[in-house]
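Worksheet: one structure, shown below.
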Amino acid sequence: MTASPAAPAPPQGPLLSVRGVDVGYRTGRRSRSTAVHDVSFDLHPGQSMALVGESGCGKTTLGLGLLRLLPRTGVVSAGEILFRRKDGRTVDVRSLAREELRRFRWSEAAMVFQGAMNAFNPVLRIEDHFLDTFRAHERGRARRRAGIREESAALLEMVRLDPARVLGAFPHELSGGMRQRALIALALALKPQLLILDEPTTALDLLTQQAIVERLSELREELRFSMLFITHDLGLAAELADRVGTMYAGRLIETGTTRDIFHRPSHPYTSALINSVPPVSGDLVVPESLPGGPPGLSSLPPGCSFAPRCRHAVERCRETRPELEVLHTRGGGLSHAAACLRSRELAAEGATRD
Amino acid sequence: MTDRSVPVPAPAAPGPAPLLSLRGVHQVFPGARGDVPAVAGVDLEIRPGRALCLVGESGCGKTTTARMAAGLADPTAGSVRFRGRDITAMDKRERSAFRRSVQYIHQDPYASLNPVRTVYSTVSAGLRRHRMVADHKAARRVTAELLERVDLTPAADFIDKYPHQMSGGQRQRVAIARALAMDPEVIIADESTSMLDVSIRVSLLNTLGRLRDDLGVGFLFITHDLAVAKYFAWDGEIAVMYLGKVVEHGPTPRVVNDPRHPYTRALISAVCEPDPDLARTRERVRLRSADIPDLTALPPGCDFHPRCPLYTPGACDTRRPPLVRGHDRLLACHVVGQG
């Protein structure tokens, strides 16, 4: 992996272009709550973007919404999700019909869910998961079982698993790390252009996590897919992403390259998150504590939704809701932008870092 | 167990006498494929006002050790002593006092609180059981004080709530208040902060730190997160466990900033730091194998040798390295142990 900004933007433009997307959940016959508000970003081919924030900030809802995998009560209620398919056509994921959507998922964009145990069917062997995937999502004629088996074995080897042992195994016979790796192999089965990973390593041990992170970076170099991963682990974001988006109360409140976010965070929430992680190297550093939690979706404050917890909030923060404002323009969707009324003055005071 | 090593004294930690001490404790679980030695000879001491962190990967015996320390499981060999008294030899009254003095906080605040009990009912259960309060009014007053002490303020807002009305961080504070109700001398915290968001984790650690510093509670703090261990036990000690044994044990600043055992080094190098430049430039310890050996079929010699980057044929694959005292820590390694 090179230093960020990583991949130079290819001439043909973004792979995924999210425009003003709202995602909501139906909470009653006539009531609905909006979990994701007006999110826009462009993801260019080969980029790896991390979505960070506390639980309940809408990260997973956004990830699911992009592939229309929301539970029955969820709906993408506004905006466009433009995706450039392998054949060069750009489609709006929101408008895909049922059958088209099925072909789209997995062969164009695949998802690795949180908790690898629940993502597998416990009564099917790993082999059958691959078989199902190829049969359900692959375009063209149905293939012979032997051919699929061979390809599945190659995929498992790609994530450093022994196919002889894993293919015939049931999910419960594998360790957490092996299951997670098998799930990644399965997601990559139809060579998707985009991989969405929801908390890919959260429940895993440190050394297992490290092995998976390293393999994912290598695979991304080899297969050139784009990655959007959701995590609350800022260390993981620093390691695996070339750009980061911070989410708070359903909105994207800061976006930029990994360096921008970690060295020059311009939203007080992003700085607070970074400063709350105790570092392992060096002398003792007292991390910042960020009391309270994100506001409930039904009781968003009128101004900036972070204002009640913000150390730098002033009167106007409680009245005016800040829009995402570009601080530093770059191509390829890598501009640094923050939604804070005071980001410039705070940067001048040096308040948003440390 | 064939090799029952001689109990090694813990590193000379300055300070008061230990409250709780584990001496050569073993825990062997019978399994279908043979006995599983989950903990194989661990010596630990917990002192008042001090924190001892136990770190290691899942399955290394951290929780089993903690359960034996709390008297929730009897060791198959070795002894657990509370104020010098073997807990298996205690009579009913002593045992009850021990149970009050050593409190356990579980990992998952969603599972450890009874969903049909209010905060008041949960926190005051022990008070009422042990007749530590006179009446209902006193129980409510003491509960409110406890809630204030764990930063659930104002207590009136929380005392009549049910667990489902609270966030994970608040629930974990209720679990801490319940432990505090017994006025404990030792708190055993088993991954108590790992399920929480980073932002909440720090303030919870600060709350626990105040109990340690102001009330002199001794902590056995179990975590897989070395950064958390470092922050919580900077003045204390870290013991690194691997496959049921302690492989490195010493003062926190020494272990974290200058890890000696190859396993500790690997763990520390695997921590993702929130700094992209550091993440990409610093050296990684590459293990020879990512998989942890099965406890029922342990390799000969050092348990870590199939994964160890410093493995050298000879002693490593024939003889199990004992935990020996160096000038500032205890270490179990043939290769780095001599230096």
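Going down the list, the sequences are from chains A and B.
Each residue of the first sequence is one higher than the one before, starting from 16 at the first, in this note's numbering.
Each residue of the second sequence is one higher than the one before, starting from 22 at the first, in this note's numbering.
Even for Gly, the Cβ is constructed at its ideal location relative to N, Cα and C.
Min CB distance residue i to chain B below 8 Å
i: Q225(A); result: yes
i: S304(A); result: yes
i: A184(A); result: no
i: P293(A); result: yes
i: I245(A); result: no
i: A197(A); result: no
i: L299(A); result: yes
i: D248(A); result: yes
Backbone secondary structure at residue i - three-state DSSP
i: A300(B); result: helix
i: L356(A); result: coil
i: R162(B); result: helix
i: M126(A); result: strand
i: A18(A); result: Here A18(A) scores only 45 on pLDDT, less than 50, and its place in the model should not be relied on; the value that follows carries that caveat. If DSSP states are grouped into helix, strand and coil, A18(A) belongs with coil.
i: D275(A); result: helix
i: H157(B); result: helix
i: P330(B); result: coil
i: M262(B); result: strand
i: R47(A); result: strand
i: T216(A); result: coil
i: R41(A); result: strand
i: T223(A); result: helix
i: M111(B); result: coil
i: V174(A); result: coil
i: V357(B); result: coil
i: V207(B); result: strand
i: F325(B); result: coil
i: P58(B); result: strand
Min CB distance residue i to chain A below 8 Å
i: Y252(B); result: yes
i: A176(B); result: no
i: V27(B); result: Low confidence applies to V27(B): its pLDDT is 44, below 50, so where it sits in the model is not reliable enough to give any reading.
i: L308(B); result: yes
i: A223(B); result: The sequence shown places Val at residue 223(B), not Ala. Judged by the 8 Å Cβ criterion, V223(B) is in contact with chain A.
i: T248(B); result: Sequence check: residue 248(B) is Ala here, not Thr. True, the Cβ-Cβ gap to chain A drops below 8 Å.
i: S79(B); result: yes
i: V276(B); result: no
i: N135(B); result: no
i: A31(B); result: Low local confidence applies: a pLDDT of 48 at A31(B) is under 50, so the model's placement there is unreliable, and no value is given.
Exposure of residue i, with buried meaning 16 or more beta-carbon neighbours within 10 Å
i: D246(B); result: buried
i: S110(A); result: exposed
i: P323(A); result: exposed
i: A53(B); result: exposed
i: N133(A); result: exposed
i: N290(A); result: buried
i: R104(A); result: exposed
i: K83(B); result: buried
i: S224(B); result: buried
i: F98(A); result: buried
i: Q27(A); result: exposed
i: D257(A); result: buried
i: Y131(B); result: exposed
i: H157(B); result: exposed
i: V301(A); result: exposed
i: D275(A); result: buried
i: V67(A); result: buried
Cross-chain neighbours of residue i in chain B, by beta carbon under 7 Å
i: E254(A); result: C293, A300
i: E69(A); result: D218, S220
i: L251(A); result: C293
i: G308(A); result: S188
i: L288(A); result: V219, S220
Any C-beta of chain C under 8 Å from that of residue i
i: R274(A); result: Absent from the structure is chain C; the protein chains it does hold are A and B.
Residues that residue i contacts on chain B, provided the C-beta gap is smaller than 8 Å
i: F277(A); result: P295, D296, P297
Cross-chain neighbours of residue i in chain A, by beta carbon under 7 Å
i: I289(B); result: V295
i: H245(B); result: D220, L221
Cross-chain neighbours of residue i in chain A, by beta carbon under 8 Å
i: A311(B); result: R175, G192, L222, T223, A226
Complete runs of the beta strand (DSSP E) confined to the stretch 291–337 of chain A [at least 3 residues]: Taken in chain order, no unbroken stretch of beta strand (DSSP E) lies wholly in the stretch 291–337 of chain A with a span of 3 residues or more.
Alpha helix (DSSP H) runs contained entirely in the stretch 226–267 of chain A, provided each spans 4 or more residues: For the stretch 226–267 of chain A, whole alpha helix (DSSP H) runs of length 4 or above, ordered along the chain, are 249–255.
Uninterrupted alpha helix (DSSP H) stretches inside the stretch 74–118 of chain A (no shorter than 4 residues): Within the stretch 74–118 of chain A, the complete alpha helix (DSSP H) runs of at least 4 residues fall at 74–81.
In chain order, each beta strand (DSSP E) run of at least 3 residues that lies wholly inside the stretch 229–291 of chain B: Counting only unbroken stretches of 3 or more residues, the beta strand (DSSP E) elements lying wholly within the stretch 229–291 of chain B are 239–244, 258–263, 266–272, in sequence order.
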